[in-house]
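**Student:** In the numbering used here, the protein residues as written are 16 to 314.
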Amino acid sequence: MKSPEDKDEAFRRRNSRDEEEPKDSLLEQRPHILDQLKPDYSWIKFFQNSHPGWEFLQFDSIPWTPLRKNVSSCKVAYISFAGVYAAGQKPFHTSPGPVPDKLRRWRFKTPGDPTFREIRRDIDPADLAISQSQFDPADAGEDINCVFPAERLTELNEENLFGSLCDVHFSFLGNVPDTAWMEGGPAGVIADRLHKEEVDIVFLSPGCILSHQNLALLQRYLEASGLVTVSITLCSDITLQIGTPRSLLLHFPLGNVFGAPLDKMTQARIIQDVFSSLEEFEEPGEIIELPYAWTIHPV
Numbered sequence: 016m017k018s019p020e021d022k023d024e025a026f027r028r029r030n031s032r033d034e035e036e037p038k039d040s041l042l043e044q045r046p047h048i049l050d051q052l053k054p055d056y057s058w059i060k061f062f063q064n065s066h067p068g069w070e071f072l073q074f075d076s077i078p079w080t081p082l083r084k085n086v087s088s089c090k091v092a093y094i095s096f097a098g099v100y101a102a103g104q105k106p107f108h109t110s111p112g113p114v115p116d117k118l119r120r121w122r123f124k125t126p127g128d129p130t131f132r133e134i135r136r137d138i139d140p141a142d143l144a145i146s147q148s149q150f151d152p153a154d155a156g157e158d159i160n161c162v163f164p165a166e167r168l169t170e171l172n173e174e175n176l177f178g179s180l181c182d183v184h185f186s187f188l189g190n191v192p193d194t195a196w197m198e199g200g201p202a203g204v205i206a207d208r209l210h211k212e213e214v215d216i217v218f219l220s221p222g223c224i225l226s227h228q229n230l231a232l233l234q235r236y237l238e239a240s241g242l243v244t245v246s247i248t249l250c251s252d253i254t255l256q257i258g259t260p261r262s263l264l265l266h267f268p269l270g271n272v273f274g275a276p277l278d279k280m281t282q283a284r285i286i287q288d289v290f291s292s293l294e295e296f297e298e299p300g301e302i303i304e305l306p307y308a309w310t311i312h313p314v
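1. Is there a Cβ of chain C sitting closer than 9 Å to that of Phe163, yes or no?
2. Is there contact between the stretch 254-271 and the stretch 107-115, where contact requires at least three CB pairs shorter than 8 Å?
3. State the Cα-Cα distance for the pair Thr80 and Val243, rounded to the nearest angstrom.
4. Quick check: what's the CA-CA separation for Val289 versus Asp151?
5. With distances taken between CB atoms, is the gap from Ile94 to Phe177 smaller than 9 Å?
6. Who pairs with Lys90 in a beta bridge, going by DSSP?
7. Residues in the same chain with beta-carbon distance under 7 Å from Glu133, minus the five sequence neighbours each way, listed in chain order, please.
8. Can you tell me the Cα-Cα spacing of Glu198 and Ser220, whole angstroms?
9. Apply the 10 Å Cβ neighbour rule to Glu238 and answer buried if 16 or more other Cβ atoms are within range, or exposed otherwise.
10. Quick one: is the Cβ of Ile302 within less than 8 Å of any heavy atom of the ligand SAH?
11. Is the distance from the Cβ of Tyr100 to the Cβ of Ala165 below 9 Å?
12. What is the rounded straight-line gap between the Cα of Ile159 and the Cα of Cys223?
13. What's the C-alpha gap between Arg122 and Lys84?
14. Starting from His210, trace the alpha helix (DSSP H) both ways and give me its first and last residue.
15. Per DSSP, which residues does His184 bridge with? Please list them.
16. Who are the Cβ neighbours of Ile205 in its own chain at under 8 Å, not counting the five residues just before and after it?
17. If you reduce the DSSP assignment to three classes, tell me which class Ser262 lands in.
18. Go to Glu238, then tell me how far its alpha helix (DSSP H) extends in each direction, as first and last residue.
19. What does the Cβ neighbour count give for Gly156, buried or exposed, with the cut at 16 atoms within 10 Å?
Right, here's the structure in full:
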């Protein structure tokens, strides 16, 4: 029988690399990521090269709920699409498996995982791990705040950046190519929950490429329900085509939505910029580019 200490150590190891594996930076391991950081990079073409014939969604209109309160008096909820889960929760499914014929035609190897997790806002970061096969999770293994900034949100809540923080964060993997699943289940459940919690603003962040579409679908649904929403995008062409109410662009690698591991200052500044920008949005569909540049060793 394993002791609690042994179980905790095993949980932490699942979120780390083998000690013998060289810990080169993400850019050094995958040089083509430098191209992906360029402003004119086409994430749509990149994704369609692997899934020929598959199309990202496009809508004629974008929902919009005006911000009627000062951010400093708003209650905020956070939703991540990076595949983060807590100790004691079932990891997200990332392995290949049986797929419907229509997805097989587009060369998808998995139907994705449509479930979500609720994570306490005051959780110890050591109790968080990540399920991910679409980007290198090494940096998140070193500092989960790279993709799921629970610590930074708690700190900024204590500094009164916003009025209050929802008791739980919501976490998706977002690797589902079937677009019917979101509105058919999770979106309605989460919208009802957030309205009951009297949330004013919902902040969303992506994980993999495909998660940008599922994030956009959820964001649109929540906005249409009367919630003010704002998201970060790393794949601006996907976000622009689908149409989100408010988004902010960062030219950072997948797996580093909030910057480099242990770079607390940048992580906090990005979140501050997200909320300070809310009053700058004048119409739905706008994407505001944040003034950050990725470097190999940002810290």
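Beta carbons: idealized from backbone N, C-alpha and C, even for Gly. What you are looking at is a predicted structure, and each value in this text was computed from that prediction instead of being measured.
**Tutor:** Straight from the coordinates:
1. Looking at the structure shown, chain C is missing, and only one protein chain is on hand.
2. no
3. 6 Å
4. Rounded to the nearest angstrom, the two C-alpha atoms are 25 Å apart.
5. no
6. Ser179
7. Val183, Phe185
8. 18 Å
9. buried
10. Judged by which ligands are present, the structure shown has none, so any question about the ligand SAH falls away.
11. no
12. About 15 Å.
13. 46 Å
14. 201-211
15. Ile134
16. Within the same chain, and ignoring the five residues on either side of Ile205 in sequence, the residues whose Cβ sits closer than 8 Å to its Cβ are Ile94, Phe131, Phe185, Leu233, Leu237.
17. strand
18. 226-239
19. buried
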